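What follows is a set of notes on a single structure, which appears directly below.
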Amino acid sequence: MMDFESQLILIYCVCDDCAKTHAYSDNSQCRMSTAEIMTVAIVGALFFYGNFRKTRLVLYRYFPQKILSESRLNRRWHAIDKELWLIVLNLLAEINKQLQIPTSYYAVDSFPFAACQRGRSYCCKLYKGKEFLGYCKSKKLHYYGLKVHLIVNEFGTICAFTLTPASESDIKALENWQIPLPEGSSLLGDKAYTFYELENLLQEQEGITLLPLRKKNLKRQHDPLTKRMIKSTRKIVETAISCVQGLFPKAIVARTSQGFELKLLMFMLAKSCADYIAAVKLS
Numbered sequence: 329m330m331d332f333e334s335q336l337i338l339i340y341c342v343c344d345d346c347a348k349t350h351a352y353s354d355n356s357q358c359r360m361s362t363a364e365i366m367t368v369a370i371v372g373a374l375f376f377y378g379n380f381r382k383t384r385l386v387l388y389r390y391f392p393q394k395i396l397s398e399s400r401l402n403r404r405w406h407a408i409d410k411e412l413w414l415i416v417l418n419l420l421a422e423i424n425k426q427l428q429i430p431t432s433y434y435a436v437d438s439f440p441f442a443a444c445q446r447g448r449s450y451c452c453k454l455y456k457g458k459e460f461l462g463y464c465k466s467k468k469l470h471y472y473g474l475k476v477h478l479i480v481n482e483f484g485t486i487c488a489f490t491l492t493p494a495s496e497s498d499i500k501a502l503e504n505w506q507i508p509l510p511e512g513s514s515l516l517g518d519k520a521y522t523f524y525e526l527e528n529l530l531q532e533q534e535g536i537t538l539l540p541l542r543k544k545n546l547k548r549q550h551d552p553l554t555k556r557m558i559k560s561t562r563k564i565v566e567t568a569i570s571c572v573q574g575l576f577p578k579a580i581v582a583r584t585s586q587g588f589e590l591k592l593l594m595f596m597l598a599k600s601c602a603d604y605i606a607a608v609k610l611s
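For the sequence shown, this note's numbering begins at 329 and goes up steadily by one.
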């Protein structure tokens, strides 16, 4: 069984490799490197619900002479270029794919990322506008904030995600999304992703087959075997969403929309790191 220190080193190595590969240099006077700051942020999201105060207290034994204050950690964390975070996420996705059996099946779904309850939307400072008013049918939840659209592979590895205002439909988000999937892939979805024109467009231009579940009164019905496969395989994206949401604290506190979205990115990275650690344990 891999102990906490080994998991910490594993996460640090991934962050450090990304920073060095892309020539991300630090000032010589920095007490903590960018890779160390990234490690603290990901470890905090993975083990401590994104709480920097608890994370700092636990990690003090590993950085006794150089650990920054909570305030300084927060400022350094926000100063890191978002592109570097996305590079780490993409690297983890590629590593996880290498450790898994090759697959051409992917699943897409969305879930709410609420800034506040709908009744408090008038005083929300993170976002302004009616387009952020949303409703999640599966949870029967009215909320104010964002909608997260997530693509995972057959094993639950996060391949890509994007954010839209809560009111935007799943199919519109998919239509505007440059889907980063290889040619010959099959993308499985629920009934909300039925759109014949988009299916034709993805097949012709990207070589991606969109396979949503069909309502009984629609055309292009799938054969029983394909329908059964879609129902069973696409559940993995629901499991992945549950894993990501399981890392969330009771309330996500942020002062800016950028900070709010950055915290979501940390939880996505934490989920990818958890998959990587699990794969290393099995190998």
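By construction, the Cβ of each residue, glycine as well, lies at the ideal position given by its N, Cα and C atoms. Remember, predicted model here, so these are calculated numbers, not experimental data.
- Contact annotation, S438 with H470: C-beta distance approximately 16 Å; criterion of less than 8 Å not satisfied.
- By the neighbour-count definition (other C-beta atoms within 10 Å, threshold 16), Q586 is an exposed residue.
- I408 and T362 have their alpha carbons spaced roughly 7 Å apart.
- Our two residues, A494 and A501, have alpha carbons roughly 11 Å apart in a direct line.
- Spanning the alpha carbons of G447 and F588 requires a straight line of approximately 19 Å.
- Cβ atoms of G462 and C444 stay farther apart than 8 Å, at about 12 Å.
- D409 carries a coil assignment under DSSP once its states are collapsed to helix, strand and coil.
- By the Cβ test, the segment 364-378 is in contact with the segment 593-608, since at least three Cβ pairs between them sit closer than 8 Å.
- Spanning the alpha carbons of C571 and I580 requires a straight line of approximately 16 Å.
- Contact check between the segment 508-521 and the segment 531-543: three or more CB pairs, one atom from each, fall below 8 Å, which counts as touching.
- The Cβ neighbour count for Q335, taken over all protein chains shown within 10 Å, is at least 16; the residue is labelled buried.
- In the structure shown, C571 falls within a helical segment according to DSSP collapsed to helix, strand and coil.
- In the assembly as shown, E525 is an exposed residue. Its beta-carbon has fewer than 16 other beta-carbons within 10 Å.
- Take L454, set aside five residues on each side of it, and the residues of its chain with a beta-carbon closer than 6 Å to its own are A443, S585, F588, in chain order.
- Within the segment 404-468, the alpha helix (DSSP H) runs of at least 4 residues that lie entirely inside it are, in chain order, 410-426.
- Look at the segment 532-594 and you find these whole runs of beta strand (DSSP E), each 3 residues long or longer: 537-540.
- By the CB criterion at 8 Å, L590 and H350 fall outside the cutoff.
- In this structure, P440 is the residue among P440, S397, G484 with its C-alpha nearest to the C-alpha of K468.
- If you check the CB distance, R542 and K519 come in under 8 Å.
- By the neighbour-count criterion, in which 16 or more other beta carbons inside 10 Å mark a residue as buried, A606 falls on the exposed side.
- Annotation for S432: G512, S513, S514 place their beta carbon closer than 7 Å to its own, counting only its chain and skipping 5 residues before and after.
- L530 places its beta carbon 8 Å or farther from that of L516.
- Of the other Cβ atoms in all chains shown, 16 or more fall within 10 Å of the Cβ of D498; this residue is therefore buried.
- It is roughly 17 Å from the alpha-carbon of K475 to the alpha-carbon of A582.
- Per DSSP, the continuous beta strand (DSSP E) segment holding L516 begins and ends at 514-517.
- The C-alpha of F483 lies about 43 Å from the C-alpha of Q357.
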